[in-house]
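FYI, my numbering numbers position 96 of the sequence shown as 96, with every residue one higher than the one before it.
Every residue gets a Cβ at the ideal spot worked out from N, C-alpha and C, and that includes glycine.
Notes follow the structure.
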Amino acid sequence: MCNVPSGAEAYGSLYAASSSDGVLRLGNIVPDFTADTTHGPMKFHEWIDGSWAILFSHPADFTPVCTTEIGRLALKYDELKSKGVKLATLSCDPVESHTKWLDDVVAHCENKVTIDFPIIADPTREIAVKYGMIDPELKDKEGLPLTCRAVFIIGPDKKLKLSLNYPASVGRNMDEITRVIDALQLSAKYSVATPANWPNNHESIGKKGQAFLLPTVTPEDAKKYFPNHTSCLVPSGIDYLRLTPIENLSTK
Ligand code: BEZ
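Below, the structure written as structure tokens:
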């Protein structure tokens with residue numbers, strides 16, 4: 001059994017659980033809210049219920065990029081569910097609009113998807129303001145601001161683990177969302193961090209998909225708990241690029 005703290009334990013304590021200035025940051029408990037959704041009323045914290053969760057916003061219904069994003073997300077839904085991740089999306093449009101638009105989303109995905117996750121309505125922008133996802137440059141026909149393409153990944157402790165903000169002009173890559181879920185869940189369990197482009201890293205040295213031991217892992221613990229780790233030699237001579245296979249790691 002391993003007694004070294006996981007990445008989440010080692011670094012999570014650096015972040016404050018609540019925001020002191022109303023700006024939502026990594027490590028903060030995400031704001032709670034109640035809302036109408038395409039699956040009925042939602043109390044957000046109750047809905048999270050100890051799972052990993054994703055809150056995914058789009059600017060507006062009946063717009064082209066958003067239509068492709070919700071369709072592509074639906075194609076990832078079963079995979080997210082299998083990883084223990086709940087998914088909800090949001091825009092400022094009302095539920096009736098979401099429901100009508102979803103027929104288009106499904107049709108544009110060649111009827112190969114069903115939308116099994118709730119789409120939240122936020123016509124008052126109350127949730128968008130709480131989460132800081134308003135794009136002030138983006139307005140609806142009435143001149144009211146809309147949400148940017150935000151992604152909030154929330155841990156079972158209701159703390160914000162990762163966020164992304166894309167402008168309306170750039171659709172998101174759903175493979176990146178499942179990739180960061182895998183990376184977050186790995187680091188929540190083990191004392192490792194994932195390299196750039198993981199799991200497509202270090203293939204040229206025969207160590208594809210391996211992860212780095214956290215700098216906080218002592219050389220003794222590295223030997224004891226990560227017996228298959230190897231170090232990359234660098235000119236400084238400092239032993240910090242310690243790669244470990246991620247299969248068969250032990251947890252506490
Ligand atoms: C879109 O989804 O295509 C979109 C939405 C709002 C502004 C610009 C583009």
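Alpha-carbon spacing of residue i relative to residue j, whole angstroms
i: L186; j: S169; result: 32 Å
i: V30; j: A183; result: 20 Å
i: N228; j: P235; result: 23 Å
i: I48; j: I181; result: 16 Å
i: C92; j: A10; result: 37 Å
i: M174; j: Y77; result: 10 Å
i: S51; j: P41; result: 19 Å
i: L75; j: H98; result: 18 Å
i: A17; j: E110; result: 43 Å
i: V105; j: Y190; result: 38 Å
i: E142; j: I115; result: 29 Å
i: L243; j: P167; result: 35 Å
i: A150; j: L249; result: 33 Å
i: L214; j: T124; result: 43 Å
i: E126; j: N201; result: 41 Å
i: P5; j: E46; result: 28 Å
i: S13; j: N28; result: 11 Å
i: T216; j: G237; result: 18 Å
i: S204; j: A128; result: 44 Å
Buried versus exposed, by CB contacts within 10 Å (16 or more), residue i
i: A107; result: exposed
i: E69; result: buried
i: D61; result: buried
i: P59; result: buried
i: Y225; result: buried
i: D122; result: buried
i: L73; result: buried
i: S20; result: exposed
i: L90; result: buried
i: T194; result: buried
i: D135; result: buried
i: L233; result: exposed
i: G196; result: Just to set this straight, residue 196 is Ala in the shown sequence, not Gly. By the 10 Å Cβ count, A196 comes out exposed.
i: L144; result: exposed
i: L146; result: buried
i: G7; result: buried
Selected residue, minimal CA-CA separation from residue i, among the options
i: T38; options: L184, S82, G206 and V95; result: V95
i: F44; options: I119, F212 and E220; result: I119
i: G132; options: K141, C148, F117 and E46; result: C148
i: W101; options: P145, K130, T114 and T67; result: T67
i: K158; options: V192, D32 and V151; result: D32
i: F152; options: A88, I205, L146 and R125; result: A88
i: P245; options: T230, I238 and L138; result: T230
i: E263; options: E137, P199, A35 and I127; result: With the chain running from 1 to 252 in the structure shown, residue 263 is simply not present.
i: G155; options: A35, A188 and V113; result: A188
i: T218; options: D103, Y240, E46 and S57; result: Y240
i: K112; options: G71, L14 and F56; result: G71
i: G171; options: D221, S57 and G237; result: S57
i: D140; options: I54, E203 and T63; result: T63
i: D221; options: S204, V192 and A8; result: V192
i: F117; options: L55, E137, T34 and T178; result: L55
Proximity test, Cβ basis, 8 Å: residue i and chain C
i: A121; result: Going by chain labels, chain C is absent from the structure shown, which holds only one protein chain.
The ligand GTP heavy atom lying under 7 Å from the CB of residue i
i: R72; result: In terms of ligand content, the structure shown lacks the ligand GTP and carries the ligand BEZ instead.
Query raised in the report: Taking any heavy atom of the ligand BEZ as the mark, which residues have a C-beta closer than 5 Å to it, listed down the chain?
Result: Result (chain order): P59, T63, P64, V65, C66 and A168.
Query - Contact between the stretch 158–165 and the stretch 7–25 (3+ Cβ pairs under 8 Å) - result: In this structure the stretch 158–165 lies against the stretch 7–25, because at least three pairs of beta carbons, one per stretch, are closer than 8 Å.
Requested in this report: Mind the definition here: the stretch 76–90 touches the stretch 201–221 only if three or more C-beta pairs lie below 8 Å; say whether that holds.
Outcome: no
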